[in-house]
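Worksheet for the structure shown next.
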Amino acid sequence: MTARKYDIVIIGSGLGGLVCGVVMAKEGKKVCVLEKNIQYGGNLQTFSRNKAIFDTGVHYIGSLEKGQNLHRYFEYLGIMKELKLLQMDKDGYDLITFDDDETVYRHAQGFEVFGQSLADQFPEEKEAIEKYVKKLVETCESFPLFKLKFDTNYNPSIMEESVSDVLNSLTTNERLKVVLLGSGFLYGSVKPNTPFAVHALSVGSYIQSAWRCINGGSQITKALVKQLRNHGGEIYKRTEVIRAEVENERLKAVFDQNGNRYEAETFISNIDPKLTLKIIGKQHFKKNYINRIENQTPYISVFSLYIVFKKEAFPYRNHNIYHFRNQENVLAATNYTPAEWPENYMLSFAPSHKQKDSAESMTALTYMHFDEVKEWEATFNTAADENIRSERYQQWKNEKTEQFLRKIEKKYPDIREKILSIDASSPLSYRDYIGVENGSLYGYEKDASNPFRTMLTPQTKIPNLWLTGQSINMHGIVGVTIGAMLTCKYLLDEQEFLAKLTATAP
Ligand SMILES: Cc1cc2nc3c(=O)[nH]c(=O)nc-3n(C[C@H](O)[C@H](O)[C@H](O)COP(=O)(O)OP(=O)(O)OC[C@H]3O[C@@H](n4cnc5c(N)ncnc54)[C@H](O)[C@@H]3O)c2cc1C
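Dropping the structure here:
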């Protein structure tokens with residue numbers, strides 16, 4: 006057992022934890038990041054099958070063009086040059102399709118082009134589309150950190166407008182509404198009560214520019230870990246924080262599963278906030294804070310297929326596909342009927358290394374409630390071999406795989422004969438690998454009818470414990486990076502930090 010002392014200890018090496026780690030180490034702090042898994046990165050983890058690399062939680066990233074916000078944040082972090090990226094189709098990085106409509110609706114890159122291309126498909130809605138794009142831009146710009154600013158003018162009431170309020174105020178064309186919302190299927194904004202701002206920040210960043218990570222999102226992790234170490238930071242895997250020592254209402258140290266003690270002046274938790282409370286000990290928090298955290302609702306989880314194609318068998322598509330049974334299904338996507346499952350899905354492709362116009366692999370993702378895997382709730386597994394759970398679980402997974410594949414076959418009737426291998430993951434995989442409640446896709450839901458209850462901030466009731474990650478502020482790669490900057494802002498001289506951030510070339 007060892008006892009170590011740092012300025013900052015970070016629990017969890019997800020994107021938020023790593024970004025905070027690099028920022029604070031760059032600022033001269035003695036930083037240590039603790040990760041329970043054998044791979045760093047949380048949702049940025051990858052795995053491989055038949056030499057194809059699969060992402061577990063990043064299919065595309067927005068705002069990475071030179072001068073755009075994520076590019077500037079990544080430049081500041083010193084990782085931009087390390088990344089191998091592929092820009093997705095400019096005239097349609099996301100395609101929205103329906104079973105009951107042959108039209109393929111395209112989301113194009115660039116706000117003007119995006120509006121124009123949709124207006125070509127909905128000529129009678131040109132004005133509504135223009136207003137939507139204007140609203141999208143205004144909403145994104147009202148978040149200071151979206152523009153690399155620490156304004157105090159931010160108006161939190163912006164979270165009170167829901168996607169349905171905004172879209173209903175712009176148009177009565179139901180098809181247009183769901184086409185605008187369709188890609189929200191991946192980033193949790195297809196519920197009527199989702200704040201429009203959550204939708205705007207995600208879609209807005211992809212409209213700016215949309216990119217795939219060649220060889221997976223774990224390259225972001227590797228680059229951040231390298232920077233952390235370059236700045237003198239330490240990081241440990243297979244190190245699960247399981248308990249804490251609190252003294253005089255301040256967090257003094259945390260302990261891992263082997264009893265090693267990590268003392269620090271300041272702690273940042275990058276893990277599920279409910280788990281943070283449990284580890285630190287609820288007795289150290291006020292009742293209303295505990296209630297606020299415990300009343301958060303996790304996003305729905307996903308069931309995913311990871312398909313490796315035979316050589317040069319399936320064309321590479323440089324876009325994602327969001328497919329819905331019908332337009333009613335978009336806003337009701339989380340209320341699927343088990344008999345019809347999977348009613349809607351998202352497809353994302355990776356190009357072959359040798360033959361760029363062929364797809365090496367495809368990930369297919371659809372919603373799934375945790376209830377469907379409740380039977381195996383007591384099992385835990387982060388080994389590559391999922392068979393470990395039980396034969397019955399494996400059989401259930403095979404049945405679901407077959408059901409899902411049959412749905413995809415409606416779009417690509419000959420896909421089955423092109424498949425070399427197929428694997429699947431369930432909500433249990435996300436619960437066990439990431440430690441999120443019920444395998445939540447994106448942490449906790451935001452709700453426009455009660456934004457203050459559902460928006461968690463980095464501060465906690467313990468003065469030297471801060472939060473970061475997808476459940477705080479915003480989710481997704483852009484949202485979590487910006488959120489981590491916000492967490493660091495509280496720990497540094499605000500103006501000096503801002504000056505350094507904005508010094509990155511625009
Ligand atoms: C299926 C899926 C697809 C997605 N696709 C995209 C996409 O295309 N584009 C996009 O921008 N975003 C996407 N996201 C979201 C994005 O990946 C996440 O929002 C983001 O990576 C979350 O980062 P985080 O900082 O919250 O950390 P997390 O990823 O939540 O990681 C938390 C880390 O903490 C560790 N941990 C937990 N408990 C402990 C403990 N007790 N001790 C030590 N360590 C612990 C975990 O092992 C994990 O490594 C997707 C997410 C999912 C699930």
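As numbered in this note's numbering, residues 6 to 511 make up the sequence shown, in order. Beta carbons: idealized from backbone N, C-alpha and C, even for Gly.
Distance between residue j and residue i (C-alpha atoms, nearest Å)
{"i": "Thr492", "j": "Arg421", "result": "47 Å"}
{"i": "Lys31", "j": "Lys412", "result": "49 Å"}
{"i": "Thr480", "j": "Tyr435", "result": "Checking the displayed sequence, the identity of residue 480 turns out to be His instead of Thr. Rounded to whole angstroms, His480 to Tyr435 spans 15 Å at the Cα level."}
{"i": "Leu82", "j": "Glu317", "result": "38 Å"}
{"i": "Ile43", "j": "Glu146", "result": "39 Å"}
{"i": "Lys86", "j": "Glu80", "result": "8 Å"}
{"i": "Leu352", "j": "Leu497", "result": "41 Å"}
{"i": "Glu3", "j": "Glu377", "result": "Outside the shown range of the chain, which is 6 to 511, sits residue 3, and nothing can be said about it."}
{"i": "Ala508", "j": "Met490", "result": "15 Å"}
{"i": "Leu461", "j": "Ile66", "result": "23 Å"}
{"i": "Leu280", "j": "Val313", "result": "35 Å"}
{"i": "Ala205", "j": "Ile16", "result": "30 Å"}
{"i": "Gln408", "j": "Gln232", "result": "44 Å"}
{"i": "Asp362", "j": "Lys416", "result": "19 Å"}
{"i": "Gly484", "j": "Asn478", "result": "7 Å"}
{"i": "Ser309", "j": "Asp277", "result": "22 Å"}
{"i": "Asn386", "j": "Thr51", "result": "16 Å"}
{"i": "Val307", "j": "Glu442", "result": "13 Å"}
{"i": "Pro197", "j": "Lys451", "result": "11 Å"}
{"i": "Asn253", "j": "His289", "result": "10 Å"}
{"i": "Tyr78", "j": "Leu506", "result": "7 Å"}
{"i": "Asn334", "j": "Tyr294", "result": "36 Å"}
{"i": "Val301", "j": "Gly448", "result": "According to the sequence shown, residue 301 is Gln rather than Val. Cα to Cα, the separation comes out at about 9 Å."}
{"i": "Met367", "j": "Ser167", "result": "33 Å"}
{"i": "Val36", "j": "Ile13", "result": "5 Å"}
{"i": "Arg234", "j": "Gly474", "result": "21 Å"}
{"i": "Arg458", "j": "Lys315", "result": "49 Å"}
{"i": "Met29", "j": "Lys423", "result": "48 Å"}
{"i": "Arg248", "j": "Glu345", "result": "44 Å"}
Residue-level contact to chain D via CB, residue i, 8 Å cutoff
{"i": "Phe79", "result": "You won't find chain D in this structure, because it holds only one protein chain."}
Among the options, the one whose alpha carbon lies nearest that of residue i
{"i": "Asn74", "options": "Leu23, Ser210, Val203, Asn173", "result": "Ser210"}
{"i": "Leu175", "options": "Asn334, Ile134, Ala504, Ile163", "result": "Ile134"}
{"i": "Gly26", "options": "Leu181, Lys291, Gly237, Lys139", "result": "Gly237"}
{"i": "Asn48", "options": "Gln224, Ala337, Asn349", "result": "Gln224"}
{"i": "Val38", "options": "Phe260, Leu91, Trp216, Thr368", "result": "Phe260"}
{"i": "Arg297", "options": "Ile305, Pro456, Gln408, Asn253", "result": "Pro456"}
{"i": "Ser476", "options": "Ser445, Pro468, Ala8, Tyr495", "result": "Ser445"}
{"i": "Phe272", "options": "Thr465, Lys415, Glu501, Asn55", "result": "Thr465"}
{"i": "Thr177", "options": "Glu130, Ser122, Ala383, Val307", "result": "Glu130"}
{"i": "Glu40", "options": "Gly19, Ala369, Gly33", "result": "Gly19"}
{"i": "His358", "options": "Lys287, Gly221, Phe385, Asn293", "result": "Gly221"}
{"i": "Phe127", "options": "Lys379, Val184, Asn253", "result": "Val184"}
{"i": "Gln213", "options": "Leu150, Glu250, Ser68, Arg234", "result": "Ser68"}
{"i": "Ala269", "options": "Val251, Ile424, Gln262, Leu282", "result": "Val251"}
{"i": "Lys283", "options": "Val246, Tyr311, Ile305, Asn265", "result": "Val246"}
{"i": "Lys71", "options": "Ser454, Leu90, Val63, Ser167", "result": "Leu90"}
{"i": "Gly189", "options": "Asn349, Thr144, Tyr241, Glu404", "result": "Asn349"}
{"i": "Val118", "options": "Val138, Thr102, Glu132", "result": "Val138"}
{"i": "Tyr341", "options": "Ile305, Ala369, Glu365, Gln360", "result": "Ile305"}
{"i": "Lys242", "options": "Phe502, Leu23, Gln500, Ile482", "result": "Leu23"}
{"i": "Arg217", "options": "Pro356, Leu153, Asn160", "result": "Pro356"}
{"i": "Gln399", "options": "Ala429, Glu382, Pro347", "result": "Ala429"}
{"i": "Tyr438", "options": "Thr486, Thr7, Tyr45, Lys34", "result": "Tyr45"}
{"i": "Ser274", "options": "Gly21, Ala124, Thr7", "result": "Gly21"}
{"i": "Asp125", "options": "Lys136, Tyr110, Phe116", "result": "Tyr110"}
{"i": "Lys34", "options": "Ser53, Leu186, Tyr11", "result": "Tyr11"}
Bridge-paired residues (DSSP) for residue i
{"i": "His112", "result": "Asp99"}
{"i": "Trp216", "result": "Ile66, Gln92"}
{"i": "Ala8", "result": "Arg266"}
{"i": "Val251", "result": "Leu256"}
{"i": "Ser167", "result": "Pro200"}
{"i": "Gly19", "result": "Gly46"}
{"i": "Ile13", "result": "Val36, Thr271"}
Please give me, in chain order, every unbroken run of the alpha helix (DSSP H) with length at least 4 that falls completely inside the stretch 258-339. Those alpha helix (DSSP H) runs which fall completely within the stretch 258-339 and span 4+ residues are 278-285, 292-299, 333-336.
Mind listing, in chain order, the continuous beta strand (DSSP E) runs of no fewer than 3 residues lying wholly within the stretch 341-388? Listed in chain order, the complete beta strand (DSSP E) runs (minimum 3 residues) inside the stretch 341-388 are 350-356, 364-373.
Given 8 Å, three or more beta-carbon pairs between the stretch 97-107 and the stretch 322-335: As far as the Cβ criterion goes, the stretch 97-107 touches the stretch 322-335, which means the pair count is three or higher.
What residue ranges within the stretch 27-106 form continuous beta strand (DSSP E) runs of no fewer than 3 residues, ordered along the chain? You should have 36-39, 51-54, 57-60, 90-92, 99-103.
Contained beta strand (DSSP E) runs [length at least 3] in the stretch 418-498, N- to C-terminal order: Every unbroken stretch of the beta strand (DSSP E) spanning 3 or more residues and falling wholly within the stretch 418-498 is given here in chain order: 424-430, 470-472.
Pairs of beta-carbons, one from the stretch 373-386 and one from the stretch 326-338, closer than 8 Å: are there three or more? At 8 Å Cβ cutoff, the stretches do not touch.
Counting pairs of beta carbons, one from the stretch 247-262 and one from the stretch 458-474, are three or more of them closer than 8 Å? Judged by Cβ distances under 8 Å, the stretch 247-262 makes contact with the stretch 458-474, as three or more pairs qualify.
Quick one: which unbroken alpha helix (DSSP H) runs of 4-plus residues sit fully inside the stretch 217-246? Chain order, please. Runs of the alpha helix (DSSP H) inside the stretch 217-246: 223-235.
Evaluate contact between the stretch 165-173 and the stretch 196-205, counting only Cβ atoms and requiring at least three cross-stretch pairs below 8 Å. For the pair of segments examined, the stretch 165-173 was found to touch the stretch 196-205: the number of CB pairs separated by less than 8 Å reaches three.
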